[in-house]
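With numbering that gives the first Met the number 0, letter number 60 in the first sequence gets 59, and the count goes up by one each step, no holes.
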Amino acid sequence: MLWHGEVAVRLTEVEAYGGARDPASHAFRGPTARNAVMFGPPGHLYCYFSYGMHWAANVVCGPDGTASGVLLRAGEVVAGLDLARSRRGRSSDRDLARGPGRLAQALGLGADQRGADLLAGGPLRLEVAPPPAHVSVGPRVGVSVAAEVAWRFWETGSPYVSGYKRSPRAPAI
DNA sequence: CACTAGATGCTCT
DNA sequence: GAGCATCTAGTGA
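Next up, the structure:
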């Protein structure tokens, strides 16, 4: 469960990214100004801009010095619905945080939150919640390399996962 | 409802 | 100067 101010999102879909060992990771080619956060201590927010219009939120999970992170791909807005709605504009409640870009927008994440500490007790904080009863595993989406690595996890049957274009059904692996 | 195509700007080479 | 861990709008069934 990720909180930002009064808006809370229950995560329903995530993707794991290794560091130097993962060709699909931004950290594969070494640290840069953008991904430096991933090399830092865990529990920090790695926020980056992509496709010219969307932010994607990651949580650093490896120890200090090891690049690794988890991309928050989708979630369900469970608090601060009005605020999230106003940020997302006209959109059905189900689409408020379905997709990385939408998730970041609904939470109001951006350049200001880059590298923020999620465990410091500020307005932006990560809360541990019980895992969903059923979790599916599959290949990552939108990754051009190492797509065969099944490092994507989502809540089985949840309408809040992206699923995205092709394969609306959960590929059973 | 399902699918296709186009837009968009920051970041690294 | 090209690449992107994507979204939205618009068209067709």
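C-beta: ideal position from N, C-alpha, C; glycine also. No experiment lies behind these values; they were computed from the predicted model shown.
Burial state of residue i (16 or more Cβ within 10 Å)
i	result
I172	Any reading at I172 must be qualified, since the residue scores a pLDDT of 32, below 50, and its modelled position is unreliable; no value is offered.
D63	exposed
L70	buried
R93	exposed
P129	exposed
R20	exposed
V8	buried
S91	exposed
Short Cβ contact (8 angstroms threshold) for residue i with residue j
i	j	result
V148	L82	no
V36	H43	yes
L123	A115	yes
G174	V77	Any answer about residue 174 is impossible in this case: the structure gives the chain only from 0 up to 172.
R28	Y47	no
L118	L125	yes
G18	G88	no
L1	L95	no
Q104	R84	no
A15	F38	no
Unbroken alpha helix (DSSP H) run spanning residue i, endpoints
i	result
A105	P99 to L106
Start and end residues, beta strand (DSSP E) containing residue i
i	result
T11	V6 to Y16
G39	First-last for G39: undefined, no H or E at that position.
W150	No beta strand (DSSP E) holds W150; DSSP gives it neither H nor E.
G29	That residue, G29, is in no beta strand (DSSP E); it is neither H nor E in DSSP.
S161	Run containing S161: none; DSSP gives neither H nor E here.
V134	V134 to G137
H3	L1 to H3
Distance between beta carbons of residue j and residue i, contact taken as under 8 angstroms
i	j	result
A73	T11	5 angstroms
S49	R97	Going by Cβ atoms, the distance from S49 to R97 rounds to 17 angstroms, so no, they are not a contact pair.
R139	W153	Not really, about 11 angstroms apart at Cβ, beyond 8 angstroms.
V134	T155	6 angstroms
G4	G79	7 angstroms
Entirely enclosed beta strand (DSSP E) segments - the segment 45 to 123, minimum 3 residues: 53 to 59 and 68 to 78
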